[in-house]
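The structure appears below as structure tokens.
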Amino acid sequence: MIFRQLFDYDTYTYTYLIADEASGEGVIIDPVKRNLEKYLKLINELNLKLVYAIDTHVHADHITALGELGKQTKCDTVLGKETKAKFVSVYAQEGTPIKFGNLEIHPIYTPGHTDDSYCYLLDNRIFTGDTLLIRGTGRTDFQNGSASDQYDSIFKKLLSLPGDTLVFPAHDYNGMSMSTIGEEKKFNPRLQVANKKEYIDLMNSLNLPNPKFMDIAVPANLRLGLD
Ligand code: FE
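The numbering used here applies: residue 2 is where the sequence shown begins, and numbers increase by one.
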């Protein structure tokens, strides 16, 4: 399997390029529009055929490359079936794997950060979007976010995965690149709560400023970043 973790220095976003070596079929998760040329060059150099471009959710902090990748590589564009974004060609849903080459990605519906948030499981790797971050969790105070839903998504779904499952988030602001479910269970300060109410109170006390590109990014991303 080909696996690349790419980083956007402007918005601290991780993008993942994953491909099946034998067939050359690949997917990209959470691509950033300003890095489009970098992705196309790498896909070309590795002689891959991009079949899916997937966003874990409608992002508020950067503009997605989904629309441009769809146009330029003819790949399918994927968001969860709950999304309000237009121009999506394949709607992900739990129970329906996304297949490419010999590989399968399993969508897991994890609302909370947004109401269209999904995590994607590939063997022992989980791409957690902004649902579960390394030693953190995604904010729940806009885009129909819900701390209550996020508690259920994390505690009932993600934390029931084997402890050695590798965690690959959509962002990290502290220079960490990956974690495991077991490590997060133990050391993630947001997960050390006794019950759902404590989690909701914790999330409601954060008072975070809005992301600087939010007013531009959200409307753009509802069109998959296309002008
Ligand atoms: Fe987000």
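Glycine is no exception: its CB is placed at the ideal position from the N, C-alpha and C atoms.
Using 6 Å as the cut-off, classify the Cβ of residue i as near or not near the heavy atoms of the ligand FE, replying yes or no.
{"i": "HIS63", "result": "no"}
{"i": "ASP9", "result": "no"}
{"i": "ASP131", "result": "yes"}
{"i": "HIS60", "result": "yes"}
Excluding the 5 residues preceding and the 5 following residue i in the sequence, name in chain order all residues of the same chain whose CB lies nearer than 6 Å to its CB.
{"i": "TYR152", "result": "LYS197 and TYR200"}
{"i": "VAL143", "result": "Sequence check: residue 143 is Phe here, not Val. Cβ within range, chain order: n/a, list empty."}
{"i": "ARG140", "result": "LEU209"}
{"i": "LYS82", "result": "TYR92 and GLN94"}
{"i": "LEU123", "result": "ILE106"}
{"i": "LEU159", "result": "LEU133"}
Buried or exposed, going by whether 16 or more other CB atoms sit within 10 Å of the CB of residue i?
{"i": "GLU105", "result": "exposed"}
{"i": "LYS187", "result": "exposed"}
{"i": "ASN125", "result": "exposed"}
{"i": "PRO190", "result": "exposed"}
{"i": "ILE3", "result": "exposed"}
{"i": "GLY164", "result": "exposed"}
{"i": "LYS34", "result": "buried"}
{"i": "ALA195", "result": "exposed"}
Ignore the nearest five residues each way along the sequence and tell me which others in residue i's own chain have a CB closer than 8 Å to its CB.
{"i": "ASN103", "result": "ASP21, ALA23 and SER24"}
{"i": "TYR40", "result": "LEU7, THR16, LEU18, ILE29, PRO32, ALA66 and LEU70"}
{"i": "LEU167", "result": "ASN125, ARG126, ILE127, MET179, SER180 and THR181"}
{"i": "GLY176", "result": "none"}
{"i": "THR97", "result": "PRO108"}
{"i": "TYR13", "result": "HIS172, ASP173 and TYR174"}
{"i": "ASN36", "result": "LEU7, ASP9, THR16 and ALA66"}
By Cβ distance, which residues of its chain are closer than 7 Å to residue i, with the 5 residues on each side in sequence left out?
{"i": "ASN205", "result": "ALA148"}
{"i": "ASN145", "result": "THR115 and ASP116"}
{"i": "HIS60", "result": "ALA218 and ASN222"}
{"i": "PHE88", "result": "GLY68, THR78, ARG224, LEU225 and LEU227"}
(request) Mind listing, in chain order, the continuous beta strand (DSSP E) runs of no fewer than 3 residues lying wholly within the region 82-161? (result) 91-93, 99-101, 104-110, 119-123 and 126-130
(request) Output the residue ranges of the alpha helix (DSSP H) runs that lie fully inside the region 17-42 and measure 4 residues or longer, sorted by chain position. (result) none
(request) Could you tell me which uninterrupted beta strand (DSSP E) segments, each at least 3 residues in length, are contained entirely in the region 158-194, listed from first to last along the chain? (result) 167-170
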